[in-house]
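Everything below concerns the one structure shown next.
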Amino acid sequence: MPAVSAESVRPKRILVYGDSNTFGWIYDPKVGVTRLPVEKTWVRVMADKLGAGYEVEVNALGGRTICRDQRTGIGTGSRIPGPLFNGMTSLPAVLSENLPLDLVIVMLGTNDAKAAFKTTADQLADDLGRMTELIRGDGWGGNTPYPSPKVLLIAPIYQPDDTAYGEFFKGADAMPEALRRKAAEIGAEYLNAGDFVTGVPAQMDRVHMSEEQHRLLGLGAADKVKAIMER
Numbered sequence: 212m213p214a215v216s217a218e219s220v221r222p223k224r225i226l227v228y229g230d231s232n233t234f235g236w237i238y239d240p241k242v243g244v245t246r247l248p249v250e251k252t253w254v255r256v257m258a259d260k261l262g263a264g265y266e267v268e269v270n271a272l273g274g275r276t277i278c279r280d281q282r283t284g285i286g287t288g289s290r291i292p293g294p295l296f297n298g299m300t301s302l303p304a305v306l307s308e309n310l311p312l313d314l315v316i317v318m319l320g321t322n323d324a325k326a327a328f329k330t331t332a333d334q335l336a337d338d339l340g341r342m343t344e345l346i347r348g349d350g351w352g353g354n355t356p357y358p359s360p361k362v363l364l365i366a367p368i369y370q371p372d373d374t375a376y377g378e379f380f381k382g383a384d385a386m387p388e389a390l391r392r393k394a395a396e397i398g399a400e401y402l403n404a405g406d407f408v409t410g411v412p413a414q415m416d417r418v419h420m421s422e423e424q425h426r427l428l429g430l431g432a433a434d435k436v437k438a439i440m441e442r
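Be aware that the sequence shown starts at 212, since it is given in the numbering used here, and climbs by one per residue.
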């Protein structure tokens, strides 16, 4: 019988790298930050629909940016140093921890769109282009035999100007089109979360997804991933 290597039959491995809307953040000013049951988050819904043959890892931090330091302690914990919210800083270690990888899904940019950072949609798309280059590069995985993973960039859900945090994400609504153009330019895969989560995020802060919105995004993402991995 022909020999079959372990590499050829191993499950496809996917890493999802995101912020609070991947973590499953629940906003409640009376009790603080809580979390959706993990099985209700969009990543787990996606993994369940993908089924056998896929392994899905998730690394999600509330407050994470693409490439900007934040204030210390604004995430789920109270003592996270500001530079650790910078997604480019922690990404090489996260990639290394999860090898081998066939696909990396990135859904970031909402926190970079805060009015205080004075960013534009094109700047955020360029930042995600640089993150894609990092994922594809061999600087963090040069000591391994594994090929570079494919990259799927997900444009985050719509963020209204008027949220529980004030004009926190002013101008973020232009990001999907800018990111679509950038993904086409660099040959990355692209998905717009707004195609599945329409309108304003349903939690009371108008920033974070409801359980039903997580479900819809997870189902849509699973279809996209299957299309990518079955080519």
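Each residue gets a CB set at the ideal place from its N, CA and C atoms; glycine is no exception.
Using the C-alpha atoms, what's the distance from Tyr238 back to Ala399? For this step, residue 399 is matched to residue 188 along the sequence shown. For this step, residue 238 is matched to residue 27 along the sequence shown. Rounded to whole angstroms, Ala399 to Tyr238 spans 32 Å at the Cα level.
Residues near Phe328 in its chain [Cβ-Cβ closer than 7 Å; skip 5 each side]: Translated into positions along the sequence shown, residue 328 becomes position 117. Closer than 7 Å at Cβ, skipping near neighbours: Arg279.
Complete runs of the beta strand (DSSP E) confined to the segment 308 to 341 [at least 3 residues]: 314 to 318
Which word fits Tyr357, buried or exposed, when buried means at least 16 other C-beta atoms lie within 10 angstroms of its C-beta? Here residue 357 is taken as the residue at index 146 of the sequence shown, counted from 1. So Tyr357 ends up on the exposed side.
Alpha helix (DSSP H) segment containing Leu390, residue limits: For this step, residue 390 is matched to residue 179 along the sequence shown. Where Leu390 is concerned, the enclosing alpha helix (DSSP H) stretches over Met386 to Ile397.
State the DSSP-derived secondary structure class of Ala366, mapped to helix, strand or coil. Your numbering for residue 366 matches position 155 in the sequence shown. In this structure, Ala366 counts as strand in the three-state DSSP scheme.
Which of the three DSSP states is assigned to Thr233 in this structure? Here residue 233 corresponds to residue number 22 of the sequence shown, with the count starting at 1. Thr233 carries a helical assignment under DSSP once its states are collapsed to helix, strand and coil.
Looking only at C-alpha atoms, which of Thr343, Leu295, Val254 and Asp434 sits nearest to Phe234? Numbered from its first residue, the sequence shown carries residue 234 at position 23. Among Thr343, Leu295, Val254 and Asp434, the Cα nearest to that of Phe234 belongs to Val254.
Rounded to whole angstroms, what's the CA-CA distance from Ala394 to Leu364? Just pull it up for me. If you number the sequence shown from 1, residue 394 lands on position 183. If you number the sequence shown from 1, residue 364 lands on position 153. Using only the alpha carbons, I get a separation of about 7 Å.
Can you tell me whether Thr409 is buried or exposed? The criterion is at least 16 other CB atoms within 10 Å of its CB, across all chains shown. Residue mapping note: residue 409 aligns to position 198 of the sequence shown, counting from 1. Classification for Thr409: exposed.
Inter-stretch contact at 8 Å, needing at least 3 Cβ pairs: the segment 323 to 339 / the segment 266 to 281: yes
Quick check for students: name the residue ranges of the beta strand (DSSP E) that lie wholly in the segment 228 to 282, counting only runs of 3 or more. 265 to 271
Just to confirm my understanding: we take Arg426, look at its own chain, exclude 5 residues before and 5 after, and list those with CB closer than 6 Å. What are they? Here residue 426 corresponds to residue number 215 of the sequence shown, with the count starting at 1. Only Val256 meet the Cβ criterion.
Cβ-based neighbour list, Glu266, same chain, cut-off 6 Å, excluding 5 preceding and 5 following: Stepping through the sequence shown from its first residue, residue 266 is reached at position 55. These residues qualify, in order along the chain: Pro222 and Arg224.
Proximity below 8 Å, CB of Ala404 to CB of Leu428: The residue you call residue 404 lines up with position 193 of the sequence shown. The residue you call residue 428 lines up with position 217 of the sequence shown. It is a contact, given that the beta carbons lie within the stated cut-off.
N-terminal and C-terminal residue of the beta strand (DSSP E) that Leu402 is part of: For the purposes of this step, residue 402 is taken as residue 191 along the sequence shown, with counting starting at 1. Run containing Leu402: Glu400 to Asn403, per the beta strand (DSSP E) assignment.
Just mark Arg275 as buried or exposed, buried being the case when its beta carbon has 16 or more other beta carbons within 10 Å. Within the sequence shown, numbered from 1, the residue matching residue 275 stands at position 64. So Arg275 counts as buried.
DSSP three-state assignment for Lys223, whether helix, strand or coil: By 1-based counting over the sequence shown, the position of residue 223 is 12. Looking at Lys223 - three-state DSSP - the assignment turns out to be strand.
When we look at the beta-carbon of Asp323 and count the other beta-carbons within 10 Å, is it buried (16 or more) or exposed? Against the sequence shown, residue 323 aligns to sequence position 112. Counting Cβ neighbours within 10 Å, Asp323 comes out buried, since at least 16 surround it.
State the Cα-Cα distance for the pair Pro387 and Ala258, rounded to the nearest angstrom. As a working note, residue 387 is residue 176 in the sequence shown. As a working note, residue 258 is residue 47 in the sequence shown. For Pro387 and Ala258, the distance between alpha carbons rounds to 24 Å.
Close-in-space but distant-in-sequence residues of the same chain around Ile530 (CB under 6 Å, 5 per side omitted): Outside the modelled stretch of the chain, which goes from 212 to 442, sits residue 530, for which no answer is possible.
Can you tell me whether Ser307 is buried or exposed, with buried defined as 16 or more other CB within 10 angstroms of its CB? In the sequence shown, counting from the first residue as 1, residue 307 sits at position 96. With fewer than 16 Cβ atoms within 10 Å of its Cβ, Ser307 is classed as exposed.
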